[in-house]
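In the working numbering, the protein residues as written are 30 to 225.
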């Protein structure tokens, strides 16, 4: 079953508290409910907040490469599940020749084989744990599956990039966690970004 989130539902999900738990082997204090954010260990104890950092860029039509500089628009997205059609994804971004880079963390709650399903209208690149697990410089209108094995539960760095050219623009990232056969949009509560 596939779920599509409306803007109103996404706003509600982003406003919900992020439950925390002990991250295996990291010695991080935990609470099972409340508004306390999840934390990762480190000198400054960075705080994780729900959603992925989404940098939207207008692209140079001559190179069609995702820039490394400051984004045209930066916001927090609750997931990667968009059907923009022939329209612009938001004000200040052109309807054609734009790119998006999502960055943050994916929470793998159990070890095992995770199956990701990707469908996109333009080029796409997907990295987990610093490892490039998918790259396609052409559109993938039919779903493509990628397997990723998690040996230790916890927060895994995630980067997903897409370049959308002329015409219909869309990008969808779904998953099937271990011991499930259901493919669904990745829930917002397992996606986070560092605050600050």
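For each residue, glycine too, the CB sits at the ideal point set by N, CA and C. Here the structure is a predicted model, which means the values were calculated and not measured.
*Could you say if the stretch 104-115 and the stretch 171-179 meet the contact criterion of at least three C-beta pairs nearer than 8 Å?*
no
*Span separating the alpha-carbon of residue 139 from that of residue 92*: 41 Å
*State buried or exposed for residue 193, treating a residue as buried only when at least 16 other CB atoms are found within 10 Å of its CB.*
buried
_Continuous beta strand (DSSP E) assignments of at least 3 residues falling wholly in the stretch 132-197_ = 141-149, 152-157, 160-165, 169-179 and 183-193
_Within 8 Å, do at least three Cβ pairs link the stretch 180-198 to the stretch 88-103?_
yes
*Does DSSP put residue 100 in a helix, in a strand, or in coil?*
coil
*Cβ-based neighbour list, residue 160, same chain, cut-off 7 Å, excluding 5 preceding and 5 following*: none
_Can you confirm whether the stretch 180-190 touches the stretch 151-159 when touching is taken to mean that 3 or more C-beta pairs between the two stretches lie within less than 8 Å?_
yes
*Could you tell me whether the Cβ atoms of residue 201 and residue 133 are closer together than 8 Å?*
no
*Quick one, which of 142, 167, 198 and 213 has its alpha-carbon nearest residue 178's?*
142
*Tell me whether residue 111 sits in a helix, a strand or coil according to DSSP, three-state version.*
strand
*From this set, 111, 218 and 182, which residue's C-alpha is nearest residue 147's C-alpha?*
111
*Which residues in the same chain as residue 123 place their Cβ atom closer than 7 Å to its Cβ, once the five residues preceding and following it in sequence are excluded?*
87 and 117
*N-terminal and C-terminal residue of the beta strand (DSSP E) that residue 87 is part of*: 81-87
*Taking the beta strand (DSSP E) that residue 221 falls in, what are its first and last residues?*
220-223
*Under the rule that 16 or more other beta-carbon atoms within 10 Å means buried, what is residue 130, buried or exposed?*
buried
*Taking only the alpha-carbon atoms, compute the straight-line gap between residue 216 and residue 108 and give it to the nearest angstrom.*
7 Å
*Which residues does DSSP pair with residue 128 in a beta bridge?*
86 and 192
_Please tell me whether residue 226 and residue 199 are closer than 8 Å, where the distance is taken between their beta carbons._
With the chain represented from 30 up to 225, any question about residue 226 goes unanswered, as that position is not in the structure.
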